[in-house]
Amino acid sequence: MKTESKLQKLLDSGHFAVTAEIGPPKHASAHGIRHHAHMLKNYVDATNITDCQTAIVRLSSIAAAVHIRDCGLEPIVQMTCRDRNRIAIQSDLLGAYSLGIRNLLCLSGDHQKFGNEPSAKNVYDIDSIQLIYLMRRMRDEKLFFSGEPIKEHEPRFFIGAVANPFADPFEFRVARLEKKVEAGAEFIQTQCIFDMERFERFMEMVRERGIHERVHILAGVTPLKSWRAAKYLQTSVSGMIVPDDIVERLKKAEDPKREGIEICIEQIKHIRNIPGVHGVHIMAIAWEEVVPEIVERSGLYPRPKVE
Amino acid sequence: MQYVPNIRIVEMPCSGTIDHRVLLQAFEDGADGVFVAGCMEGDCHFQKGNYRARKRVNAVKKLLDEIGLGGERLEMYNLSAAMGPRFAEIANEMTERVRRLGPSPLKKQSAGTMEKEGDVA
Amino acid sequence: MIIAQQKPIKDIAEMIADCKKVLLVGCAGCVTVCLAGGEKETEILAAALRIMRRLQDNPLETVTYVATRQCDPEYIATMDNLVKDVDAIISLACGVGVQYIAERYHDKWVVPALDTKFIGGSKVHGVWEEKCGLCGDCVLHRTGGICPIIRCSKSILNGPCGGSQYGKCEISKDVDCAWQLIYDRMKALGRLDKLMEIQPPKDWSKSRDGGPRKAIREDVMIG
Ligand code: SF4
Ligand code: SF4
Numbered sequence: 235m236k237t238e239s240k241l242q243k244l245l246d247s248g249h250f251a252v253t254a255e256i257g258p259p260k261h262a263s264a265h266g267i268r269h270h271a272h273m274l275k276n277y278v279d280a281t282n283i284t285d286c287q288t289a290i291v292r293l294s295s296i297a298a299a300v301h302i303r304d305c306g307l308e309p310i311v312q313m314t315c316r317d318r319n320r321i322a323i324q325s326d327l328l329g330a331y332s333l334g335i336r337n338l339l340c341l342s343g344d345h346q347k348f349g350n351e352p353s354a355k356n357v358y359d360i361d362s363i364q365l366i367y368l369m370r371r372m373r374d375e376k377l378f379f380s381g382e383p384i385k386e387h388e389p390r391f392f393i394g395a396v397a398n399p400f401a402d403p404f405e406f407r408v409a410r411l412e413k414k415v416e417a418g419a420e421f422i423q424t425q426c427i428f429d430m431e432r433f434e435r436f437m438e439m440v441r442e443r444g445i446h447e448r449v450h451i452l453a454g455v456t457p458l459k460s461w462r463a464a465k466y467l468q469t470s471v472s473g474m475i476v477p478d479d480i481v482e483r484l485k486k487a488e489d490p491k492r493e494g495i496e497i498c499i500e501q502i503k504h505i506r507n508i509p510g511v512h513g514v515h516i517m518a519i520a521w522e523e524v525v526p527e528i529v530e531r532s533g534l535y536p537r538p539k540v541e
Numbered sequence: 004m005q006y007v008p009n010i011r012i013v014e015m016p017c018s019g020t021i022d023h024r025v026l027l028q029a030f031e032d033g034a035d036g037v038f039v040a041g042c043m044e045g046d047c048h049f050q051k052g053n054y055r056a057r058k059r060v061n062a063v064k065k066l067l068d069e070i071g072l073g074g075e076r077l078e079m080y081n082l083s084a085a086m087g088p089r090f091a092e093i094a095n096e097m098t099e100r101v102r103r104l105g106p107s108p109l110k111k112q113s114a115g116t117m118e119k120e121g122d123v124a
Numbered sequence: 023m024i025i026a027q028q029k030p031i032k033d034i035a036e037m038i039a040d041c042k043k044v045l046l047v048g049c050a051g052c053v054t055v056c057l058a059g060g061e062k063e064t065e066i067l068a069a070a071l072r073i074m075r076r077l078q079d080n081p082l083e084t085v086t087y088v089a090t091r092q093c094d095p096e097y098i099a100t101m102d103n104l105v106k107d108v109d110a111i112i113s114l115a116c117g118v119g120v121q122y123i124a125e126r127y128h129d130k131w132v133v134p135a136l137d138t139k140f141i142g143g144s145k146v147h148g149v150w151e152e153k154c155g156l157c158g159d160c161v162l163h164r165t166g167g168i169c170p171i172i173r174c175s176k177s178i179l180n181g182p183c184g185g186s187q188y189g190k191c192e193i194s195k196d197v198d199c200a201w202q203l204i205y206d207r208m209k210a211l212g213r214l215d216k217l218m219e220i221q222p223p224k225d226w227s228k229s230r231d232g233g234p235r236k237a238i239r240e241d242v243m244i245g
């Protein structure tokens, strides 16, 4: 099923895709994200716009996506199940499509406990797999979530999901990925990979089940600025694995930021050779300016052009 | 056995039978301080009576702090029936503490009395 | 059973600050079992409030009573004569009891001494844990007898989410991930294939989202 997504065209035509991530600001100006969009637009094929990531109140993902699209970069809107019920999700996504958004990433969302509104009520009316299923059905069968028909102009998103090879139970992670594909996910972005060995085992299981032939998998990477950042991810973020040797390498480095970039480039080069991986998703958290260099030095520049 | 004369002893079969209510009652009845004398830890006839007593005493201490009477007026001690001198020492120690704290604001007259609950005669 | 816990005593005292005489009503049901509002707790609270008020030179008179069940209006009627000359009633029941008392005694100031927390059980003495979210449409047969609605922090029906690690939920190392438990149990039962079925969105109208609920059994109704 074709959509107007440029990312889908690239992936379907067999290109190794590059996506990045832009985190909207904690204020009401789009100046910074527009700046980042201009900086990234020739280096990546599309960019995710996070949806109040880690439950911190930020400028809306959909609004930010419109700014980014305006700057000539294709946005992937993230939609979490944490903050909206099925009424709000549908309404916001109809709106997003009307504003020219063509890619959607469905996730559960981080629990609000560690955000800046820990006393908020969470929603979780539907979960991420149900969201994928319902959005896919909305597009392909022209039905609202309730089953009521959409008479015309159904939103036609290219639908993505996330997978975390580093969460538990490990054996079930590939099965759950398959469940997301069954539900209708067409591309997958993974959690940031630091434990390459575990990721390779994950991909092996993916290939055994033939999942890589049914969905485009983009491997997530994150350049680290310091050993403290690595240590933080290692100890304080549930569902992350950061091997000690990465922490050590950053600790020993004379210029840790440089070293972080080098590690990331090495990871991308390695990932490109893993069968079944169709792209890379660079999450330079609050460090968007290093993405062009990483893309270029990983041999992924220039980006292919599609209609 | 020599100890200050201003103590009233309330005997109980086991410190483990101590109840929050009995402790509060003692204060309502005008005690300036209360101490619970339980058996040595590990020596309870009913196995864990004195451990339980300590937990309850701690809970009531907290409550006394919350309601403004002050948890310091209540204490738990462990000693055996054979430790007369130690009992006297504790009694004097507690009396000292209560003197420092002053009479219980719950009673208007200033002469202090102290109640002791527990299983040591 | 319903698990409740006493509010901070300062808050309770504040609610009855202008009263001279209060009735404290415990309940012999759930809150007795979870040690929050039985006879003993009622008397302790009464004594503590009295002491507090005496310290403020504003003595409080208390009367205590324990109803068989405050969630049954007929048991509330048994305290009619105790209510007459008090300025307020402090209920040590769950929220249901407080409301039935308030309903019966229109002109009385009725206040809650407890926070009604959840439906659960006690694994060991002194520790209570939440087990059911009262969703009105039980799915335990699909999840190996482990409730995903209330024991998963995100009420996910197709879990576990990406925050599950080392058996724990992303919100705390002290909280078990319900979906890890579900996975383990389904695996032990040889039913992992069940977890591959996509669970449809839940009908929350059967839960609190559908508005206040009622359960009716015509066959046992009198009259
Ligand atoms: S599925 Fe619903 S009814 Fe069953 S235990 Fe969970 S919340 Fe309670
Ligand atoms: S970690 Fe487990 S229990 Fe916690 S939200 Fe995720 S699936 Fe639910």
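Chains as they are written, first to last, in the numbering used here: chain A, 235 to 541; chain B, 4 to 124; chain C, 23 to 245.
Idealized CB from N, CA, C, for every residue including glycine.
- For Thr84 (chain C), the secondary structure class from DSSP, reduced to helix, strand or coil, is strand.
- Taken in chain order, the complete beta strand (DSSP E) segments of 3 or more residues contained in the region 147-178 of chain C are 149-154.
- If you draw a straight line from the Cα of Ser83 (chain B) to the Cα of Pro106 (chain B), it is about 29 Å long.
- Put simply, the backbone Cα of Lys106 (chain C) is about 39 Å away from that of Glu14 (chain B).
- Shown here for Ser342 (chain A): same chain residues with a beta carbon closer than 8 Å to its own, the five before and five after excluded, namely Thr314, Cys315, Arg316, Tyr358, Asp361 and Ser362 in chain order.
- At a cut-off of 8 Å between beta carbons, Gly33 (chain B) makes no contact with chain C.
- Look at the region 354-373 of chain A: the residues with a C-beta under 8 Å from a C-beta of chain C are Asn356, Tyr358, Asp359, Ile360, Asp361, Ser362, Ile363, Gln364, Tyr367 and Leu368.
- Between ligand 2 and the CB of Lys176 (chain C), the shortest heavy atom gap is smaller than 7 Å.
- The beta carbons of Gly181 (chain C) and Leu211 (chain C) sit no closer together than 8 Å.
- For Lys32 (chain C), the chain B residues whose Cβ falls inside 9 Å of its Cβ are Glu69 and Ile70, in order along the chain.
- For chain A, the residues of the region 197-231 of chain C that bring a beta carbon within less than 9 Å of one of its beta carbons are Cys199, Trp201, Gln202, Tyr205, Asp206, Lys209, Leu214, Leu217, Met218, Glu219, Ile220, Gln221, Pro222, Pro223, Lys224, Trp226 and Asp231, in chain order.
- If you look at Cys426 (chain A), you'll find it in the beta strand (DSSP E) that goes Phe421 to Cys426.
- Using a CB distance below 8 Å, the part of the region 401-420 of chain A facing chain C consists of Ala401, Asp402, Pro403, Phe406, Ala409, Arg410, Glu412, Lys413, Glu416 and Ala417, ordered along the chain.
- Under the 8 Å Cβ criterion, the region 384-403 of chain A does not count as touching the region 346-354 of chain A, having fewer than three qualifying pairs.
- The three-state secondary structure of Ile475 (chain A), taken from DSSP, is coil.
- If one requires a minimum length of 4 residues, the alpha helix (DSSP H) runs lying completely within the region 477-529 of chain A are 478-486 and 490-506, in chain order.
- The beta carbon of Met23 (chain C) lies closer than 6 Å to those of Cys52 and Val55 in the same chain, with the five residues before and after it left out.
- Membership of Ile296 (chain A) in the alpha helix (DSSP H) is indicated by the continuous run Ser295 to Asp304.
- In the DSSP assignment, Thr237 (chain A) falls outside any alpha helix (DSSP H), carrying neither H nor E.
- Not a single CB atom of chain C sits nearer than 8 Å to the CB of His515 (chain A).
- Taking the CA atoms as reference points, Tyr80 (chain B) sits about 21 Å from Gly33 (chain B).
- When DSSP assignments are scanned along the region 245-328 of chain A, the uninterrupted stretches of alpha helix (DSSP H) that are 4 or more residues long and fall wholly within it turn out to be 265-274 and 295-304.
- For Met37 (chain C), there are no C-beta contacts with chain B under 9 Å, since the nearest C-beta of that chain is about 15 Å from it.
- The alpha-carbon separation between Met437 (chain A) and Gly418 (chain A) amounts to approximately 20 Å.
- Within the region 4-25 of chain B, the residues whose Cβ lies closer than 8 Å to any Cβ of chain C are, in chain order, Asp22, His23 and Arg24.
- Counting only unbroken stretches of 3 or more residues, the beta strand (DSSP E) elements lying wholly within the region 334-413 of chain A are 337-341 and 392-397, in sequence order.
- At least one heavy atom of ligand 1 is found less than 7 Å from the C-beta of Leu156 (chain C).
- The closest heavy atom of ligand 1 lies 7 Å or more from the beta carbon of Ile24 (chain C).
- Contact between the region 18-27 of chain B and the region 98-105 of chain B is not established, with fewer than three Cβ pairs separated by less than 8 Å.
- In the structure shown, Arg213 (chain C) falls within a coil segment according to DSSP collapsed to helix, strand and coil.
- Of all alpha-carbon atoms in C:Gly119, C:Ile238 and C:Ile98, the one lying nearest the alpha-carbon of Gly59 (chain C) is that of C:Gly119.
- DSSP lists no bridge partner for Asn9 (chain B).
- Between Asp109 (chain C) and Cys183 (chain C), the C-beta gap is not smaller than 8 Å, which leaves the two residues out of contact.
- Rounded to the nearest angstrom, the gap between the Cα atoms of Glu527 (chain A) and Tyr331 (chain A) is 32 Å.
- Counting along the chain, the unbroken beta strand (DSSP E) around Glu78 (chain B) starts and ends at Leu77 to Asn81.
- Taking 8 Å as the threshold, the shortest C-beta distance from Glu83 (chain C) to chain B does not fall below it.
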